[in-house]
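One structure is given here, and the rest of the page talks about it.
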């Protein structure tokens, strides 16, 4: 009997002195743990099978008094905690997850008490972390999850997965922290630190985000970012590990929603603030930072060659940037195709389709530029006022060459001939236009018009003459005038639209009064418009 | 003796199997390849100095990358095709 009695008395003492750290230390669940926990479990198993008497005993040793710092929510959580240790069987991970979920929920309810709840905040963060870890671990065990699906099918759970449910539980704790009414303006205390429960906002948000990305329900993260925008103290007030993790997930969320410029801002900041020796995290950030920047027309420089986190990554991305530089559509399709050996990797990391569809626009720009380089005759008369032009038929010939090469045609005595067994069957995204569709003049003119509209070509198209004419060549030269640098174009547009300074979800300054509604939903836009 | 060496060998074998199809990858990358997951940080907080890496940190991105070299194979192939277009225009 002595163990439980001593345990509960210690807990009562911590509540009295508001010792949140010791409380968290006593309320652990994740092995390995000191032997005392096993002995406590043994005693609970042998003597406290009756939950009603256990509850009465908790209420007796941790009584609700006026100034003892005890509240009903805590007593309920305490009983739940002891039942957990009484009933848990760590060999049955599914059952453990369900018991731990119940425990976390009770702990969050205890946390929500406006007067006393704060003392369990470190415990909530600790137990939520344990639950999140178990959730992620179970997600990679389809053999176990299948069992769960069988039992929940009848109960019509609304198709929610275990990981999603776990995220939802922890999100409750996040909301309690975020929406706590604070005595000081903006939730910042006199010491300049986040006040009260607000200190827990980003630890909990990061756990939820990790789970949502794990189960690929990233749309649900929208809620978190919106609430943070409206209620959180500035991110800069939180520890580095929380800042970097949060900016990583916010960057990935923006990337998934085609907001590449903002994604790049978050990911660059995450990378810059990351500890130099945390290679795993730096590498994960780089994958999306490389992808976002390439879509925006910025390529990783040689600086990365000496960085351990970029090892193996540059080999995957450099063939893409090399193909874009040359306008080599064949090399581009191959750099992202099965030929590269990297296609599955790009796909798994969620960057395959964005890279393929967005960077292709940049390849078209370079291809048009290359054809211009190969065909333009500089005027012999320096006073000539004729605008430099590019023939649509020339670009068409280049596009056809690329399509034929992709289909396996080869050059024989200066003519391209199809392979003996007929052209290679191409899937939709493997062809220049669409699968085995041979490009025609209408399509090429449409491509050029689209480049023009996006600002990647500067001039106008004459449909009758089938030509693209460059404007402003006299001052800047035809190449600089006709084919502006992609990054310059996209950066200028972001600056014009105010997307270069503020990022929804990233609180950089103290809030002034009520926040507005910010719509984060992704809408299909031209390349790099994010 | 202890089980540690054989366990290590088994782990090595698993690594080899996993990366056999990506033989081009250099070794440290192959090792990194295994952990897709963004791990929890081992420490809670650090200073600005801890984030600094040796070498040039100012020039991370290439913004002017247009390639004007037309002597490589892709351009040579395009030239051949463009010559034919030129010839047909004159006809």
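Chains as they are written, first to last, in the numbering used here: chain A, 316 to 845; chain B, 18 to 108. Beta carbons are placed, not taken as given, at the ideal position from N, Cα and C, and that holds for glycine.
According to DSSP, residues forming a beta bridge with residue i
i	result
residue 79(B)	614(A)
residue 725(A)	732(A)
residue 785(A)	774(A)
residue 503(A)	509(A)
Chain B residues whose Cβ lies nearer than 8 Å to that of residue i
i	result
residue 716(A)	94, 95 and 98
residue 581(A)	Those do not exist, as residue 581(A) stays about 14 Å from chain B at its closest Cβ, beyond 8 Å.
residue 590(A)	58, 60, 63, 67 and 68
residue 618(A)	72, 73, 74, 76 and 77
residue 596(A)	55, 56 and 58
residue 729(A)	97
Per-residue DSSP class, three states only, for residue i
i	result
residue 731(A)	strand
residue 846(A)	Lying outside 316 to 845, the shown extent of chain A, residue 846(A) is not represented and no answer is given.
residue 736(A)	coil
residue 352(A)	helix
residue 72(B)	coil
residue 748(A)	coil
residue 621(A)	helix
residue 780(A)	coil
residue 546(A)	helix
residue 425(A)	helix
residue 36(B)	A caution first: residue 36(B) carries a pLDDT of 38, below 50, which makes its placement in the model unreliable, though a value can still be read off. The answer is helix: DSSP assigns residue 36(B) an H, G or I state.
residue 88(B)	coil
residue 822(A)	coil
residue 758(A)	helix
residue 718(A)	helix
residue 63(B)	coil
residue 347(A)	coil
residue 753(A)	coil
residue 649(A)	helix
residue 556(A)	helix
residue 104(B)	helix
residue 831(A)	A caution first: residue 831(A) carries a pLDDT of 45, below 50, which makes its placement in the model too unreliable to give a value.
Beta carbon proximity, residue i to chain A, threshold 7 Å
i	result
residue 66(B)	no
residue 90(B)	no
residue 42(B)	Residue placement at residue 42(B) is flagged as unreliable, the pLDDT there being 37, under the threshold of 50; a coordinate-derived value is accordingly withheld.
residue 79(B)	yes
residue 28(B)	With a pLDDT of only 39 at residue 28(B), under 50, the local geometry of the prediction cannot be trusted, and no value is derived from it.
Chain B contact for residue i (CB, 7 Å cutoff)
i	result
residue 471(A)	Any reading at residue 471(A) must be qualified, since the residue scores a pLDDT of 46, below 50, and its modelled position is unreliable; the value itself is stated next. It does not; no Cβ of chain B falls within 7 Å.
residue 689(A)	yes
residue 769(A)	no
residue 533(A)	no
residue 641(A)	yes
residue 796(A)	no
residue 708(A)	yes
residue 606(A)	no
residue 570(A)	no
residue 712(A)	yes
residue 814(A)	no
residue 758(A)	no
residue 613(A)	yes
residue 699(A)	no
residue 835(A)	Caution applies to residue 835(A), whose pLDDT of 49 falls short of 50 and renders its modelled position unreliable; the value that the coordinates give is listed next. Judged by the 7 Å Cβ criterion, residue 835(A) is not in contact with chain B.
Proximal residues of chain B, C-beta to C-beta of residue i below 9 Å
i	result
residue 563(A)	55
residue 382(A)	Those within 9 Å of residue 382(A) in chain B number zero; the least Cβ separation is about 33 Å.
residue 686(A)	95 and 99
Interface residues of chain B facing residue i [CB-CB closer than 7 Å]
i	result
residue 555(A)	62 and 63
residue 297(A)	Here chain A covers residues 316 to 845 and nothing more, so residue 297(A) does not appear.
residue 621(A)	72
residue 599(A)	55
residue 587(A)	68
residue 492(A)	What residue 492(A) touches in chain B: nothing, since even the nearest Cβ is about 17 Å away.
residue 593(A)	58
Any non-hydrogen atom of the ligand MG closer than 6 Å to residue i Cβ
i	result
residue 539(A)	Although the ligand MG was asked about, the structure shown includes no ligands whatsoever.
Any chain E beta carbon closer than 7 Å to residue i
i	result
residue 336(A)	Of the protein chains in this structure, namely A and B, none is chain E.
If we require 3 or more residues per run, which beta strand (DSSP E) segments fall completely within the region 558-583 of chain A? none
At which residue ranges does the region 353-417 of chain A contain complete alpha helix (DSSP H) runs of 4 or more residues, listed in the order of the chain? 366-376 and 387-402
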